[in-house]
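Take a look at the structure set out below.
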Amino acid sequence: KKFFFNFVLISILSLGFNFDGDKDRNPEITVSEIKSHIEYLASDDLEGRFTGSEGCKEAAEYISDEFENYGLKPLFDGDYLQSFPFISGLELGNNNYVQIINEKKKSELKI
3 KKFFFNFVLI SILSLGFNFD GDKDRNPEIT VSEIKSHIEY LASDDLEGRF
53 TGSEGCKEAA EYISDEFENY GLKPLFDGDY LQSFPFISGL ELGNNNYVQI
103 INEKKKSELK I
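When you line the sequence shown up against the numbering used here, it's residues 3 to 113, in that order.
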């Protein structure tokens, strides 16, 4: 949930950038608009937004429509959505973890 919230917040806040829409429309977004977007995207109407679900597709279309309404230019072949391969239905085993290694420190997160 936290990742999705942060993703949505960053996406919505980025609406002020790359603005090429209606010149009469203010490119700034208000707190109430952000709250409205988050309330809809977090609502039960989207059925949890599980990847590949109808709720996920509806959320993606909503965000795409909002980008267009704010006058953002699409980056991917004239579309705001980008396709990518995804495998669903995999179950995690008992010893799954994410490991981040840099020059100074090695961090692990057990999933």
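Every residue, glycine too, gets a C-beta built ideally from N, C-alpha and C.
None of the values given here were measured: they were computed from a predicted structure.
Quiz prompt | Beta-carbon proximity list for residue 83, same chain, < 7 Å, skipping 5 on both sides | solution = As a first step, residue 83 must be located in the sequence shown, where it is residue number 81. Closer than 7 Å at Cβ, skipping near neighbours: 62, 66.
Quiz item: Is any heavy atom in the ligand ATP found nearer than 7 Å to the beta carbon of residue 109?
Solution: Absence of the ligand ATP is noted for the structure shown, with no ligands found whatsoever.
Self-check item: 4 or more residues per run - each alpha helix (DSSP H) lying fully within the segment 24–61
Solution: Entirely contained in the segment 24–61, the alpha helix (DSSP H) runs reaching 4 residues are, in chain order, 33–43.
Quiz prompt | Run of the beta strand (DSSP E) containing residue 99, from where it starts to where it stops | solution = Walking along the sequence shown from the start, residue 99 turns up at place 97. Segment 99–103, the beta strand (DSSP E) holding residue 99.
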